[in-house]
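Take a look at the structure below.
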Amino acid sequence: MEKITAGMPNFQPGSYLRMWEWREDKVNLIGAIQPITVRLRYEKVLPALCAGTDPLRIRSSTDPLGYGTAAMAARSRGQRALATDLMSVVADATTKLIERYVRPEQYKSRRRRPYGLKRGIAYL
1 MEKITAGMPN FQPGSYLRMW EWREDKVNLI GAIQPITVRL RYEKVLPALC AGTDPLRIRS
61 STDPLGYGTA AMAARSRGQR ALATDLMSVV ADATTKLIER YVRPEQYKSR RRRPYGLKRG
121 IAYL
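Going by the working numbering, the first residue of the sequence shown is number 1, and it counts up by one from there.
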């Protein structure tokens with residue numbers, strides 16, 4: 001299949017999948033007229049934050065980061081009680097973020113591959 005980066009052309013579906021693109025956190029394909037199994041593997045790596053204007057690539061992370069920044073600012077100004085309150089809000093917001101995105105993935109069943117199993121080799 002060919003990766004498209006400048007927008008998908010307007011083609012009619014064919015007998016196989018020809019082109020794909022990644023846009024707005026989705027994989028878009030030009031359809032096929034027969035059933036085709038698509039297997040997708042990817043590894044998500046978050047980019048390093050280098051400047052103050054770099055975008056955050058974690059969805060809904062602005063609340064925990066904003067409260068954490070406010071807590072650090074309050075603590076540096078000598079307002080320890082406010083910083084403690086804000087840090088408890090940070091902990092709650094972080095827990096909600098984890099419950100929203102991480103915990104649903106933990107309940108999906110996954111099977112380990114057995115040791116010594118290699119594809120294409122038949123043990124007799």
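Backbone N, C-alpha and C fix where the C-beta goes; we use that ideal spot for every residue, glycine too. Given the structure is predicted, the values throughout are model-derived calculations rather than measurements.
query, result
"Closest by C-alpha distance to R59, when choosing among Q12, T94 and W20", "T94"
"Classification of A71 by the beta-carbon crowding that lies within 10 angstroms, buried from 16 upward", "buried"
"Cβ-Cβ distance between V27 and L40 below 9 Å", "yes"
"Whole-number beta carbon distance between I4 and E21, since they are thought to touch under 8 Å", "4 Å"
"V90, buried or exposed, once every other Cβ within 10 Å from all chains shown has been counted against 16", "buried"
"Of the residues R57, S15, I98 and L86, the one placed nearest A32, counting alpha carbons only", "S15"
"Residue(s) in a DSSP beta bridge with N28", "E21"
"Close-in-space but distant-in-sequence residues of the same chain around F11 (CB under 8 Å, 5 per side omitted)", "R18, M19 and I30"
"The alpha helix (DSSP H) enclosing D85, as first and last residue numbers", "R80 to Y101"
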